[in-house]
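Asks: Okay, so the sequence shown: first residue is 1 according to the working numbering, each after it adds one. Yeah, the Cβ is synthetic: ideal placement off N, Cα and C, and Gly gets one too. Before we start, here is the structure in question, set down as structure tokens.
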Amino acid sequence: MAMPHAVVVPYPGSGNINPALQLAKLLHRHGVYISFVNTEHNHRRVQATVGAAAVRGREGFRFEAIPDGLVEADRDAGDYDLGLSAATSHRCAQPLKELVRRLNGTAGVPPVTCVMPTALMSFALDVARELGLPSMVLWGGSAASLMGHMRLRELQERGYLPLKDKSFLTNGHLDKTVIDWIPGMPPISLNDISSFVRTTDPDDFGLRFNILEANGCTKAGALIVNTFQDLEADVLEALGAEYPRIYTIGPLGSLLSHHITDDDDSSTGGLSLWKQDTDCLAWLDKQEPSSVVYANFGSLTVLTADQLVEFAWGLADSGHRFLWSMRDNLVPSDGAGLSSLPPEFIAATAGRCCLTTWCPQEEVLRHPAVGCFVTHNGWNSTCESVAAGVPMVCWPGFADQYTNCKYVCEVWGVGLRLDDVVRREQVAGHVKQAIEAEEMRRSAMGWKEKAEDAAAPGGSSYENLQSMVTALGSVSA
Ligand code: UDP
Numbered sequence: 001m002a003m004p005h006a007v008v009v010p011y012p013g014s015g016n017i018n019p020a021l022q023l024a025k026l027l028h029r030h031g032v033y034i035s036f037v038n039t040e041h042n043h044r045r046v047q048a049t050v051g052a053a054a055v056r057g058r059e060g061f062r063f064e065a066i067p068d069g070l071v072e073a074d075r076d077a078g079d080y081d082l083g084l085s086a087a088t089s090h091r092c093a094q095p096l097k098e099l100v101r102r103l104n105g106t107a108g109v110p111p112v113t114c115v116m117p118t119a120l121m122s123f124a125l126d127v128a129r130e131l132g133l134p135s136m137v138l139w140g141g142s143a144a145s146l147m148g149h150m151r152l153r154e155l156q157e158r159g160y161l162p163l164k165d166k167s168f169l170t171n172g173h174l175d176k177t178v179i180d181w182i183p184g185m186p187p188i189s190l191n192d193i194s195s196f197v198r199t200t201d202p203d204d205f206g207l208r209f210n211i212l213e214a215n216g217c218t219k220a221g222a223l224i225v226n227t228f229q230d231l232e233a234d235v236l237e238a239l240g241a242e243y244p245r246i247y248t249i250g251p252l253g254s255l256l257s258h259h260i261t262d263d264d265d266s267s268t269g270g271l272s273l274w275k276q277d278t279d280c281l282a283w284l285d286k287q288e289p290s291s292v293v294y295a296n297f298g299s300l301t302v303l304t305a306d307q308l309v310e311f312a313w314g315l316a317d318s319g320h321r322f323l324w325s326m327r328d329n330l331v332p333s334d335g336a337g338l339s340s341l342p343p344e345f346i347a348a349t350a351g352r353c354c355l356t357t358w359c360p361q362e363e364v365l366r367h368p369a370v371g372c373f374v375t376h377n378g379w380n381s382t383c384e385s386v387a388a389g390v391p392m393v394c395w396p397g398f399a400d401q402y403t404n405c406k407y408v409c410e411v412w413g414v415g416l417r418l419d420d421v422v423r424r425e426q427v428a429g430h431v432k433q434a435i436e437a438e439e440m441r442r443s444a445m446g447w448k449e450k451a452e453d454a455a456a457p458g459g460s461s462y463e464n465l466q467s468m469v470t471a472l473g474s475v476s477a
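Structure, rendered in structure tokens:
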């Protein structure tokens with residue numbers, strides 16, 4: 001019997017590459033042959049930041065690359081992310097098809113038995129169908145965000161979208177309009193379903209693309225979600241009506257820790273698009289338990305110079321020590337990362353903060369010194385924080401981040417939400433409360449335990465991974 005062979009095709013951003021790589025490592029550990037497909041642009045970028053070894057692969061795990069279809073001049077555009085979405089969905093199908101054919105003709109490589117894209121890559125599901133191959137899709141967000149994004153179509157049909165008037169964007173309409181008919185979800189404001197509701201344009205690309213992509217996931221033979229049964233039981237049950245098979249296998253980081261030895265990990269490496277600073281871990285080692293605020297806004301969020309200053313003084317005024325991971329392009333207008341911070345702030349916080357540009361976030365969140373996380377609520381960050389039992393101060397701004405924030409603050413009781421307009425007093429106040437409040441800490445520890453149970457042998461995520469491997473194996477038999 002040939003080994004099952006999964007071609008894993010992540011959307012080319014950290015939020016999808018990271019969980020896809022974690023999943024690929026887990027499957028490889030279980031005897032699945034992996035072809036992990038980056039875009040040529042990211043392949044080169046990983047080689048430049050992490051080193052060529054990161055994408056060299058090893059026995060049964062190969063890295064491949066296809067063009068992302070974007071012309072070089074568009075890489076610096078303000079709407080880079082949407083441009084990338086348009087390019088991949090229009091121009092990647094043919095290169096992927098050619099890659100699968102080439103893999104099938106390569107001596108020593110088992111025939112491809114499953115195409116496994118992440119969300120936003122539904123063209124790969126069409127390729128699978130055309131080639132007569134089974135497919136599974138990894139939705140990189142929460143189950144609730146998938147349900148919400150699938151329902152954008154119905155919101156359009158029922159006349160909620162596009163918004164009738166530009167004033168609806170600012171007059172409270174988005175918060176006041178409560179949607180109480182989404183299966184498996186508590187009543188939720190229009191605002192919290194997705195940032196893509198914020199349009200008056202009937203032909204808005206972001207809205208159209210997300211409707212197509214979320215609903216496009218149903219074309220896959222199975223849905224894989226980086227969440228766990230207890231965390232999202234209601235919405236998972238409701239999604240069950242729309243998918244033939246759902247595998248919840250989260251938190252992926254926790255599941256990996258039950259399967260991978262250090263030796264395994266180093267050989268496939270990480271795929272960081274930024275140079276990682278590990279010195280901050282040594283700084284954390286010197287701090288008291290649960291005393292440090294960790295702040296980070298993920299790989300895409302950008303701040304204005306004013307927002308940066310408000311966050312900076314908010315962190316300083318909280319009175320707590322803090323670790324702040326700031327990408328070089330966090331404030332694009334300044335383009336200078338850490339040097340955009342006011343000198344008075346640097347002087348005032350000397351000795352009680354650690355500033356870095358990109359850190360090993362999962363390790364940071366699991367460090368005993370970390371007591372709260374100021375986050376943009378990207379799903380990976382949110383899930384990593386839940387798994388580590390760290391309360392959150394939430395500042396969502398894009399796509400599914402609003403839904404994640406709602407669940408964090410109102411359903412799981414592990415966070416506090418900041419207003420859209422950043423004010424240092426509120427940042428300082430929420431940070432103090434999140435790091436000091438007993439009740440929130442207890443809730444966070446409760447979810448951490450549940451996450452650990454799900455990922456341990458006998459737990460729902462652990463067992464789902466085994467079932468997934470069995471399903472992959474039965475196709476190749
Ligand atoms: N991340 C990291 N170091 C950093 C910042 C982020 O390793 O300094 C990782 C983080 O652990 C997460 C991913 O990058 O896995 C960000 O994904 P998320 O879904 O939270 O946000 P996005 O970048 O997609 O907005």
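Please report how far the alpha carbon of residue 46 lies from the alpha carbon of residue 188, in whole angstroms.
Replies: 39 Å
Asks: Helix, strand or coil for residue 268? Go by DSSP, reduced to three states.
Replies: Residue placement at residue 268 is flagged as unreliable, the pLDDT there being 42, under the threshold of 50; the coordinate-derived value follows with that caveat. In the three-state scheme derived from DSSP, where H, G and I count as helix and E and B as strand, residue 268 is classed as helix.
Asks: Which residue's Cα is closest to the Cα of residue 294: 392, 167, 91?
Replies: Nearest of 392, 167, 91 to residue 294, Cα basis: 392.
Asks: Which residues mark the beginning and the end of the alpha helix (DSSP H) in which residue 39 is found?
Replies: Segment 33-39 is the beta strand (DSSP E) holding residue 39; no alpha helix (DSSP H) there.
Asks: Use the C-beta contact count for residue 304: other C-beta atoms within 10 angstroms, 16 or more gives buried, fewer gives exposed.
Replies: exposed
Asks: Should residue 114 and residue 4 be called a contact, given that it needs their Cβ atoms to be closer than 8 Å?
Replies: In contact: residue 114 and residue 4 (Cβ atoms closer than 8 Å).
Asks: Can you tell which of 10, 371, 110, 192 has its C-alpha closest to the C-alpha of residue 31?
Replies: 110
Asks: Taking just the CA atoms, how far does residue 342 sit from residue 330?
Replies: When rounded, the separation of the alpha-carbon atoms in residue 330 and residue 342 is 15 Å.
Asks: Starting from residue 372, follow its DSSP beta bridges and name the residues at the other end.
Replies: According to DSSP, which records beta bridges pairwise, residue 372 is partnered with 293.
Asks: Check the C-beta distance from residue 149 over to residue 210 and give it rounded, since I have them as a contact under 8 Å.
Replies: 6 Å
Asks: How many angstroms separate the CA atom of residue 133 from the CA atom of residue 66?
Replies: 19 Å
Asks: Please return the same chain residues whose Cβ sits closer than 8 Å to the Cβ of residue 202, not counting the five positions on each side in sequence.
Replies: 162
Asks: Have a look at residue 135 and residue 230 and give me their C-alpha separation to the nearest angstrom.
Replies: In this structure, the alpha-carbon of residue 135 lies about 26 Å from that of residue 230.
Asks: Let's test the definition: count the other Cβ atoms within 10 Å of the Cβ of residue 430 and tell me whether it reaches 16, buried, or not, exposed.
Replies: Looking at its Cβ environment, which holds 16 or more other Cβ atoms inside 10 Å, residue 430 is buried.
Asks: Got a sec? Which residues, its chain only, sit under 7 Å from residue 256 by beta carbon, not counting five neighbours each side?
Replies: Taken in chain order, the residues that qualify are 22, 25, 26.
Asks: By the three-class DSSP mapping on this structure, what secondary structure does residue 119 have?
Replies: coil
Asks: Which residues does DSSP list as the beta-bridge partners of residue 225?
Replies: 139, 248
Asks: Ordered along the chain, which non-local residues of its own chain (more than five positions away) have a Cβ less than 7 Å from that of residue 85?
Replies: 120, 209
Asks: Quick check: is any heavy atom of the ligand UDP less than 7 Å from the C-beta of residue 379?
Replies: yes
Asks: Alpha carbon to alpha carbon, how far is residue 267 from residue 427?
Replies: Legend: pLDDT at residue 267 = 41, less than 50; position of this residue unreliable, value from coordinates given subsequently. When rounded, the distance between both Cα atoms is 41 Å.
Asks: Closer than 7 Å to a non-hydrogen atom of the ligand UDP - does that hold for the CB of residue 301?
Replies: With a threshold of 7 Å, the Cβ atom of residue 301 counts as near the ligand UDP, since some heavy atom of the ligand is closer than that.
Asks: Check the DSSP bridge columns for residue 65 and list the partner residues they point to.
Replies: 38
Asks: Is the beta carbon of residue 57 within less than 7 Å of some heavy atom of the ligand UDP?
Replies: no
Asks: Sorted by chain position, which residues of the same chain lie with C-beta nearer than 6 Å to residue 443's C-beta, five sequence neighbours on each side aside?
Replies: 413, 414
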